[in-house]
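Q: Residue numbers (the numbering used here), protein chains in the order written: chain A, 1 to 192; chain B, 193 to 465. Ideal Cβ positions, reconstructed from N, Cα and C, are used throughout, including at glycine. These numbers were taken from a predicted model, which means no experiment stands behind them. Pasting a structure here, questions to come.
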Amino acid sequence: MPNRTQSGDDDLALMQRIAGDEDAAVAELYDRFGSLVFRMAYQTMPTRAEAEDAVQEVFVRLWQTADRYDPKRAALVTWVMLISRRHLVDRLRRSRARVKASGLEEAQVSQGPDATEGVDSRMDRQERFEALLDRISTLPELQRTVVTRAYLGGQTLRQIGEELDTPLGTIKSALSRALVRLRERSEEELAR
Amino acid sequence: MTSQELVELAVLDALGLLDDADAEAFDTAFRAAAPHVQAHLRREQTRMANIEHLLPVTEAPAALRARVLAAVRAARDSAEPDREVARRLVHTAGREGAPRRRSARVTAVWRTLALGAAAAAVVFGGLTVQMRADYLRLEKQLRGDALLDKLAAEFGPDFVDALVDRDTQRLTMVATERAPAARAAVWTHPEWTGARFFAVNLPHTEPGKTYRLAVLDDKGEPVQVLTTFSFSGRLINEEIPIDVMVSSPRLAVVGDDAGKELILELPAPAPGA
Numbered sequence: 001m002p003n004r005t006q007s008g009d010d011d012l013a014l015m016q017r018i019a020g021d022e023d024a025a026v027a028e029l030y031d032r033f034g035s036l037v038f039r040m041a042y043q044t045m046p047t048r049a050e051a052e053d054a055v056q057e058v059f060v061r062l063w064q065t066a067d068r069y070d071p072k073r074a075a076l077v078t079w080v081m082l083i084s085r086r087h088l089v090d091r092l093r094r095s096r097a098r099v100k101a102s103g104l105e106e107a108q109v110s111q112g113p114d115a116t117e118g119v120d121s122r123m124d125r126q127e128r129f130e131a132l133l134d135r136i137s138t139l140p141e142l143q144r145t146v147v148t149r150a151y152l153g154g155q156t157l158r159q160i161g162e163e164l165d166t167p168l169g170t171i172k173s174a175l176s177r178a179l180v181r182l183r184e185r186s187e188e189e190l191a192r
Numbered sequence: 193m194t195s196q197e198l199v200e201l202a203v204l205d206a207l208g209l210l211d212d213a214d215a216e217a218f219d220t221a222f223r224a225a226a227p228h229v230q231a232h233l234r235r236e237q238t239r240m241a242n243i244e245h246l247l248p249v250t251e252a253p254a255a256l257r258a259r260v261l262a263a264v265r266a267a268r269d270s271a272e273p274d275r276e277v278a279r280r281l282v283h284t285a286g287r288e289g290a291p292r293r294r295s296a297r298v299t300a301v302w303r304t305l306a307l308g309a310a311a312a313a314v315v316f317g318g319l320t321v322q323m324r325a326d327y328l329r330l331e332k333q334l335r336g337d338a339l340l341d342k343l344a345a346e347f348g349p350d351f352v353d354a355l356v357d358r359d360t361q362r363l364t365m366v367a368t369e370r371a372p373a374a375r376a377a378v379w380t381h382p383e384w385t386g387a388r389f390f391a392v393n394l395p396h397t398e399p400g401k402t403y404r405l406a407v408l409d410d411k412g413e414p415v416q417v418l419t420t421f422s423f424s425g426r427l428i429n430e431e432i433p434i435d436v437m438v439s440s441p442r443l444a445v446v447g448d449d450a451g452k453e454l455i456l457e458l459p460a461p462a463p464g465a
């Protein structure tokens, strides 16, 4: 399990070493966050191969931006998430491989089988994805729509607002509440 | 911005779901907030960032670690020759060299007014018809005052190369009567993975308002928004999808949701072009 409770000073020192082109520091960053980034990429990208490519790109991006990391502004895990998520969404948009966001059924279809993964892995992936969709399906309608389009589909909040003819502020609130609710439900399930 | 809005934005920011304008607005609000509010927001973001329960349970292949390290090393090595040139330029100017790397995003350094104005002059000098001769003269001038070094640090060495590269395609947008002083252009290059959009001299946006760079349909309605941005006097420098540019779209800068008025437009290609 990666240790993500190190102090801000340690995090800053690590990113400074990465900015100073120290190979061992990049390896340390990967050991701490590689699994998290890969799982995010695996959830977002259409295939496992694309997820692996995306992870490489994310770490190059983390190297490129290492000198901008400010521990007062965000914990390192937050920074890694931010850089990763942005890159994945950009990549998704560019490849035009976005999840169709007009309905949960279409979202499921787009998470089709990947020839590079085994049957067990594929089933697990499908089960996990369905579990996530189950949780999403219990959200109020607007939250469900927004979280599906933004979190799974990679649409910008402005695009969603325009398509739903809904003020941007409402979209932001709905998505924020949906994500907090999903997190809380998951925490409750884990606690049982 | 209310504290509730701040918390909402913190959640979205932690997951990278804010666009650049909103992320910058959140960042500004965060830095202006009281220390205890900052601490609360930071905690919320850290909680949201730990979203493992929303992620599929799967292991990264063991070989991926080596591939990641090799990719970072390759990116560093490819940047190294340009960084060495930059170091020599800086050394000539009698200053200490700083690490340089490719970067697509605006940094604090860039946000200094002086550099913004200088780079705007550089970029929009490049939008005139004099093209190559001007670029060569410009490069010489840049080498003289080390501005080249600053541009390389901000936009990456490939951008500086693009200033004088014959393969760089520069598409200049035409201002409408709504903002006759506005200037914008889209640059593409065969080796770039994205196109770059530059804009300057637009009317300043009101708080909460943005411009949209959009693809328009035949009726002039935006059908695809490529990027949104606010303008406060500094050069706009955004990466946009290059595949959109390949199809020679009707591209325009328009007002935000409330106003769809045309600010700048990319002229239709000449027949036979």
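#1: Bridge partners of residue 367 of chain B, per DSSP?
#2: Apply the 10 Å Cβ neighbour rule to residue 196 of chain B and answer buried if 16 or more other Cβ atoms are within range, or exposed otherwise.
#3: How would you label residue 107 of chain A, buried or exposed, when you count the other beta carbons within 10 angstroms and need 16 or more for buried?
#4: Is there a Cβ from chain B that is less than 9 angstroms from the Cβ of residue 40 of chain A?
#5: Under a three-way DSSP split, which group does residue 416 of chain B fall into?
#6: Taking only three categories from DSSP, how would you classify residue 63 of chain A?
#7: Would you kindly check if the distance between the Cβ of residue 432 of chain B and the Cβ of residue 367 of chain B is under 9 angstroms?
#8: Does the Cβ of residue 31 of chain A have 16 or more other Cβ atoms within 10 Å, making it buried, or fewer, making it exposed?
#9: With a CB to CB cut of under 6 angstroms and the five nearest residues on each side skipped, what residues in its chain are close to residue 324 of chain B?
#10: Would you please verify whether the beta carbon of residue 32 of chain A is less than 9 angstroms from any beta carbon of chain B?
#11: Tell whether a beta-carbon distance below 9 angstroms holds between residue 88 of chain A and residue 54 of chain A.
#12: Is residue 423 of chain B helix, strand or coil by DSSP?
#13: Could you please give me the residues that DSSP links to residue 386 of chain B through a beta bridge?
#14: Assign residue 155 of chain A to one of three DSSP states: helix, strand, or coil.
#15: Applying a beta-carbon distance threshold of less than 7 angstroms, which residues of chain A neighbour residue 240 of chain B?
#16: Assuming contact is defined by CB atoms lying nearer than 9 angstroms, are residue 238 of chain B and residue 206 of chain B in contact in what I supplied?
#17: Please state if the CB of residue 421 of chain B and the CB of residue 219 of chain B are separated by a distance shorter than 9 angstroms.
#18: Can you name the residues of chain A whose CB is closer than 8 angstroms to the CB of residue 222 of chain B?
#19: For my contact list, residue 168 of chain A and residue 147 of chain A are in at a C-beta cut-off of 8 angstroms; report their separation, rounded to the angstrom.
#20: What three-state label does DSSP hand residue 249 of chain B in the structure shown?
#21: Quick one: what's residue 392 of chain B bridged to in DSSP?
#22: For residue 1 of chain A, collect the residues of the same chain with a Cβ closer than 7 angstroms to its Cβ; drop the 5 residues on either side in sequence, then sort them by chain order.
#23: If you run the structure through DSSP and keep just helix, strand and coil, what is residue 182 of chain A?
#24: Are the CB atoms of residue 369 of chain B and residue 172 of chain A within a distance shorter than 9 angstroms?
#25: Whose C-alpha, out of A/11, A/143, A/187, is nearest the C-alpha of residue 166 of chain A?
#26: Does residue 380 of chain B come out as helix, strand or coil in the three-state DSSP assignment?
#27: Closest to residue 266 of chain B by C-alpha separation, out of A/26, A/91, A/34, would be which residue?
#28: On the three-state DSSP scale, how would you describe residue 233 of chain B?
#29: Measure the alpha-carbon distance for residue 83 of chain A versus residue 394 of chain B and round it to whole angstroms.
#30: For residue 23 of chain A, count neighbouring Cβ atoms within 10 angstroms of its own Cβ and tell me buried if that reaches 16, exposed if not.
#31: Would residue 156 of chain A pass as an interface residue toward chain B - the criterion being a Cβ-Cβ separation below 9 angstroms?
#32: Closer than 9 angstroms, CB to CB, is residue 447 of chain B near chain A or not?
#33: In whole angstroms, what separates the C-alpha of residue 359 of chain B from that of residue 424 of chain B?
#34: Given a cut-off of 9 angstroms on the beta-carbon distance, is the pair residue 12 of chain A and residue 44 of chain A in contact?
#35: Buried or exposed: residue 387 of chain B, going by 16 or more other Cβ atoms within 10 Å of its Cβ?
#36: Determine the chain A residues that contact residue 208 of chain B at a beta-carbon separation under 9 angstroms, and present them in chain order.
A: In this structure, then:
#1: Answer is B/456, bridged to residue 367 of chain B.
#2: The residue is exposed, with fewer than 16 neighbouring Cβ atoms inside 10 Å.
#3: Only weak support is given to the placement of residue 107 of chain A: the predicted model assigns it a pLDDT of 40, under 50, and the question is left unresolved by the model.
#4: Judged by the 9 angstroms Cβ criterion, residue 40 of chain A is in contact with chain B.
#5: In the displayed model, residue 416 of chain B falls within a strand according to three-state DSSP.
#6: Under the three-state reduction of DSSP, residue 63 of chain A is assigned to helix.
#7: Not in contact: residue 367 of chain B and residue 432 of chain B (Cβ atoms no closer than 9 angstroms).
#8: Around the C-beta of residue 31 of chain A, fewer than 16 other C-beta atoms lie within 10 Å, and the residue is accordingly described as exposed.
#9: With a pLDDT of only 42 at residue 324 of chain B, under 50, the local geometry of the prediction cannot be trusted, and no value is derived from it.
#10: Judged by the 9 angstroms Cβ criterion, residue 32 of chain A is not in contact with chain B.
#11: Cβ distance < 9 angstroms, so residue 88 of chain A and residue 54 of chain A count as in contact.
#12: It is coil, neither helix nor strand.
#13: According to DSSP, which records beta bridges pairwise, residue 386 of chain B is partnered with B/433.
#14: When secondary structure is reduced to three states using DSSP, residue 155 of chain A falls in the coil class, being assigned neither helix nor strand.
#15: Close to residue 240 of chain B, with beta-carbon spacing below 7 angstroms, are these residues of chain A in chain order: 179, 183.
#16: Cβ atoms of residue 238 of chain B and residue 206 of chain B: closer than 9 angstroms.
#17: Their beta carbons are not under 9 angstroms apart, which means residue 219 of chain B does not touch residue 421 of chain B by this criterion.
#18: Simply 73.
#19: Incorrect: roughly 16 angstroms between the Cβ atoms, too far for contact.
#20: Of the three classes helix, strand and coil, the one that applies to residue 249 of chain B here is coil, per DSSP.
#21: Listed as beta-bridge partners of residue 392 of chain B by DSSP are B/375.
#22: Note on residue 1 of chain A: pLDDT 38, under 50, position unreliable in the model; no value is reported.
#23: Residue 182 of chain A carries a helical assignment under DSSP once its states are collapsed to helix, strand and coil.
#24: Contact flag unset, no.
#25: Taking only the C-alpha atoms, the option nearest residue 166 of chain A is A/143.
#26: Look at residue 380 of chain B here: in three-state DSSP terms it is strand.
#27: For the set A/26, A/91, A/34, the Cα lying nearest the Cα of residue 266 of chain B is the one of A/26.
#28: In this structure, residue 233 of chain B counts as helix in the three-state DSSP scheme.
#29: Rounded to the nearest whole angstrom, the C-alpha separation of residue 83 of chain A and residue 394 of chain B is 29 angstroms.
#30: The residue in question, residue 23 of chain A, is exposed, as its Cβ has fewer than 16 Cβ neighbours within 10 Å.
#31: Residue 156 of chain A counts as touching chain B.
#32: Chain A, which has no Cβ nearer than 9 angstroms to the Cβ of residue 447 of chain B, makes this no.
#33: Here the C-alpha atom of residue 359 of chain B lies approximately 32 angstroms from the C-alpha atom of residue 424 of chain B.
#34: Result no, Cβ atoms of residue 12 of chain A and residue 44 of chain A do not sit closer than 9 angstroms.
#35: That one is buried.
#36: One finds 81, 82, 83, 84, 85, 86, 87, 88, 89 in chain A with Cβ atoms closer than 9 angstroms to the Cβ of residue 208 of chain B, taken in chain order.
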